[in-house]
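Undergrad: Counting from 1 along the sequence shown, just add 69 to a position and that's the residue number in our numbering.
Backbone N, C-alpha and C fix where the C-beta goes; we use that ideal spot for every residue, glycine too.
Just so we're clear, the structure is a prediction, and the values are computed from it rather than from any experiment.
Quick one: the structure is below, and I'll ask about it shortly.
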Amino acid sequence: MKKPFLLWRDDWRLGLEGLDEQHRELVDIINRLHRFVTREDTRHNRDRNQICQQLSTLVDIARRHFKAEEALMRAKDYPRLAEHHREHVMLLAELQEFLRDIETENKPFTLATLTALKHWQIDHVVYSDRLFADFLKRQSQSEDEVDLDDMTDVQVQPV
């Protein structure tokens, strides 16, 4: 069996179950796109339709993922939310442009395009999303410290 184009690595896990699962879904779609782009027995129209379907699914999952991620960032008062949101907007615009180019302009979805998408996925998860996960860990540790400090003031009542 061929090695996947984009292999999920455990060190990409953020420790946020739902977001990690969505990241794996995005990786799976990128790998399916790779299979269509590199098929040796390419049937242009059929593969083009399948590529459009996969890209459309990728756009939908990315949109849902970004919305969930940003809602969590807002709830946790993440200071880099605006910057992170801009990255999401740029990626969604790029994905929608890829899809439009294939659907309406009949342009090919090339391996170079897919490779750029692969690198974006890796960079975004490993850098931008990791910054958020680290922020949450620091915030959680601070809350734990506060909780422990609060416990020292508690008076135990005799029974």
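Take the Cβ of Gln210 as the centre, count every other Cβ of all protein chains shown within 10 Å, and call the residue buried at 16 or more, exposed below.
TA: exposed
Undergrad: Which residue comes first and which comes last in the alpha helix (DSSP H) that contains Glu275?
TA: Nothing about residue 275 can be read from this structure; the chain reaches only from 70 to 228.
Undergrad: Excluding the 5 residues preceding and the 5 following Val195 in the sequence, name in chain order all residues of the same chain whose CB lies nearer than 7 Å to its CB.
TA: Trp81
Undergrad: Using 8 Å as the Cβ pair cut-off and three pairs as the minimum, do the stretch 184-201 and the stretch 150-157 touch?
TA: Below 8 Å, enough C-beta pairs join the stretch 184-201 and the stretch 150-157 to call them touching: three or more.
Undergrad: Since Trp189 is in the alpha helix (DSSP H), which residue starts that stretch and which ends it?
TA: Leu180 to Asp192
Undergrad: Exposed or buried, what is Glu166 when buried is set at 16 or more other beta-carbons lying within 10 Å of its beta-carbon?
TA: exposed
Undergrad: DSSP three-state call for Gly84: helix, strand or coil?
TA: Residue state, collapsed to three classes: coil.
Undergrad: If you draw a straight line from the alpha carbon of Asp170 to that of Gln208, how long is it in whole angstroms?
TA: 43 Å
Undergrad: Look at Leu164 and Ala137 and say whether their C-beta atoms are less than 8 Å apart.
TA: no
Undergrad: Using a Cβ-based criterion (distance less than 7 Å to any ligand heavy atom), does Trp77 qualify as near the ligand ATP?
TA: Absent from the structure shown: the ligand ATP. Ligands present: none.
Undergrad: So the candidates are Leu160, Glu139, Leu83 and Glu90; which of them puts its Cα closest to the Cα of Leu124?
TA: Leu160
Undergrad: Tell me whether the beta-carbon of Leu180 lies closer than 8 Å to the beta-carbon of Val106.
TA: Yes.
Undergrad: If Gln190 sits next to Leu102, beta carbons under 8 Å apart, how far is it from one beta carbon to the other, in whole angstroms?
TA: At roughly 11 Å, the Cβ-Cβ gap does not stay under 8 Å, so Gln190 and Leu102 are not in contact.
Undergrad: Nearest to Asp116 by CA position, among Thr184, Pro177, Thr182 and Val158, is which residue?
TA: When each option's Cα is compared against that of Asp116, the closest is Pro177.
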